[in-house]
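Peer 1:
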Amino acid sequence: MQGKLEHTETNIQKILALARSKDHCYGVNEYGFIAYIKIEQDESQLWALVNPLTHEIRNCGLNKTVQEYRVWQIKTGIKIEFNYNKYAVTYQLTMFQNFNAMRLYMMKYFQQTKDEDIGLLLSDLMLSSNFSDWRESPRTWDSAAWDDWMAGVHKTLKDLNITQDPKKILYNEQTAFLCMKNYLQIFYTQITFEGVKNILKIINAIKINSDTDEWNSWLSCIQAAIEQENDIIA
Numbered sequence: 008m009q010g011k012l013e014h015t016e017t018n019i020q021k022i023l024a025l026a027r028s029k030d031h032c033y034g035v036n037e038y039g040f041i042a043y044i045k046i047e048q049d050e051s052q053l054w055a056l057v058n059p060l061t062h063e064i065r066n067c068g069l070n071k072t073v074q075e076y077r078v079w080q081i082k083t084g085i086k087i088e089f090n091y092n093k094y095a096v097t098y099q100l101t102m103f104q105n106f107n108a109m110r111l112y113m114m115k116y117f118q119q120t121k122d123e124d125i126g127l128l129l130s131d132l133m134l135s136s137n138f139s140d141w142r143e144s145p146r147t148w149d150s151a152a153w154d155d156w157m158a159g160v161h162k163t164l165k166d167l168n169i170t171q172d173p174k175k176i177l178y179n180e181q182t183a184f185l186c187m188k189n190y191l192q193i194f195y196t197q198i199t200f201e202g203v204k205n206i207l208k209i210i211n212a213i214k215i216n217s218d219t220d221e222w223n224s225w226l227s228c229i230q231a232a233i234e235q236e237n238d239i240i241a
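Counting from 8, one number per residue, gives the positions in the sequence shown under our numbering.
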């Protein structure tokens with residue numbers, strides 16, 4: 008029979024440790040909670056639904072069999088889209104986290120290459136802190152830069168058949184990656200910077216959701232952007 012885990016600090020830490028490991032990601036439900044399953048030595052299953060951003064634990068327990076887990080799923084009405092790819096969605100970003108993840112990725116590239124074109128582009132992408140309503144009416148030092156960024160976001164959402172307001176949805180790591188790619192492509196059609204061409208070549212070669220240094224580098228920028236949500240990265 009399935010049973011609830013006692014609400015102890017030890018069990019909470021065990022669940023959160025489980026949630027930090029992509030190896031045990033089992034699927035994502037419609038509310039963005041990740042289902043984590045770990046087979047214990049006694050072949051029981053430690054499972055939990057965890058919000059990857061806040062670490063809120065929605066449900067957790069022990070199941071003896073997969074069948075019992077599915078019974079729990081039916082009883083609770085929680086719809087889980089099972090995905091055995093261990094690199095399934097693990098992040099949900101606000102629009103600003105999405106934007107800042109791109110900037111951090113480009114900053115990392117600039118630090119490695121000292122590419123002057125990317126340096127100039129980064130200066131245009133600095134968020135202006137001169138306005139108290141910058142979250143509601145964001146501005147970059149070059150106002151056209153924000154317009155180009157939003158054009159990239161809108162193209163991405165259109166390609167994915169997403170019709171919601173870009174400010175009111177959350178972006179997973181794949182969608183955020185495509186926003187960055189589309190923004191740079193839009194910029195390059197206007198100004199043919201060699202540096203932008205070079206970084207696009209790298210981005211186009213990255214295999215999404217792969218266990219590679221290139222994809223993991225992007226994920227590290229996402230993590231940094233999440234941690235800096237309350238900051239204006241200038």
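Every residue gets a Cβ at the ideal spot worked out from N, C-alpha and C, and that includes glycine.
Does residue 195 come out as helix, strand or coil in the three-state DSSP assignment?
Peer 2: helix
Peer 1: Roughly how many whole angstroms lie between the Cα atoms of residue 197 and residue 235?
Peer 2: Each residue's Cα considered, the two are about 31 Å apart.
Peer 1: Identify whether residue 230 lies in helix, strand or coil by the three-state DSSP scheme.
Peer 2: For residue 230, the three-state secondary structure derived from DSSP is helix.
Peer 1: Identify which residue in 173, 156, 177 and 172 has its Cα closest to the Cα of residue 188.
Peer 2: Comparing alpha-carbon positions, the option among 173, 156, 177 and 172 lying closest to residue 188 turns out to be 156.
Peer 1: Does residue 120 come out as helix, strand or coil in the three-state DSSP assignment?
Peer 2: Three-state DSSP puts residue 120 in a helix.
Peer 1: Within 10 angstroms of its Cβ, does residue 167 collect 16 or more other Cβ (buried), or is it exposed?
Peer 2: exposed
Peer 1: Among 119, 127, 146 and 176, which residue has its Cα nearest to the Cα of residue 105?
Peer 2: 176
Peer 1: For the alpha helix (DSSP H) that contains residue 150, what are its first and last residues?
Peer 2: 150–166
Peer 1: By a C-beta neighbour count over all protein chains shown, 10 Å radius and 16 as the cutoff for buried, is residue 163 buried or exposed?
Peer 2: buried
Peer 1: For residue 147, which beta-bridge partners are listed by DSSP?
Peer 2: 134
Peer 1: Only counting the same chain, and skipping five residues up and downstream in sequence, which positions put a Cβ closer than 7 Å to that of residue 185?
Peer 2: 163
Peer 1: Can you tell me whether residue 151 is buried or exposed, with buried defined as 16 or more other CB within 10 angstroms of its CB?
Peer 2: exposed
Peer 1: Can a CB atom of chain C be found closer than 8 Å to the CB of residue 191?
Peer 2: Absent from the structure: chain C. Only one protein chain is present.
Peer 1: Which of the three DSSP states is assigned to residue 100 in this structure?
Peer 2: strand
Peer 1: Could you check if residue 167 belongs to the surroundings of the ligand FAD, using beta carbon to heavy atom distance under 7 Å?
Peer 2: No copy of the ligand FAD occurs in the structure displayed, which carries no ligand at all.
Peer 1: Tell me which same chain residues have a C-beta within less than 7 Å of the C-beta of residue 108, skipping the five on either side of it?
Peer 2: Cβ within range, chain order: 100, 183, 228, 229 and 232.
Peer 1: Going by DSSP, what residues sit across from residue 190 in a beta bridge?
Peer 2: Residue 190 is not bridged to any residue.
Peer 1: For the alpha helix (DSSP H) that contains residue 216, what are its first and last residues?
Peer 2: Boundaries cannot be given for residue 216, as no alpha helix (DSSP H) includes it and DSSP labels it neither H nor E.
Peer 1: Could you check whether the stretch 198–213 touches the stretch 117–125, counting it as contact only if at least three pairs of C-beta atoms, one from each stretch, sit closer than 8 Å?
Peer 2: yes
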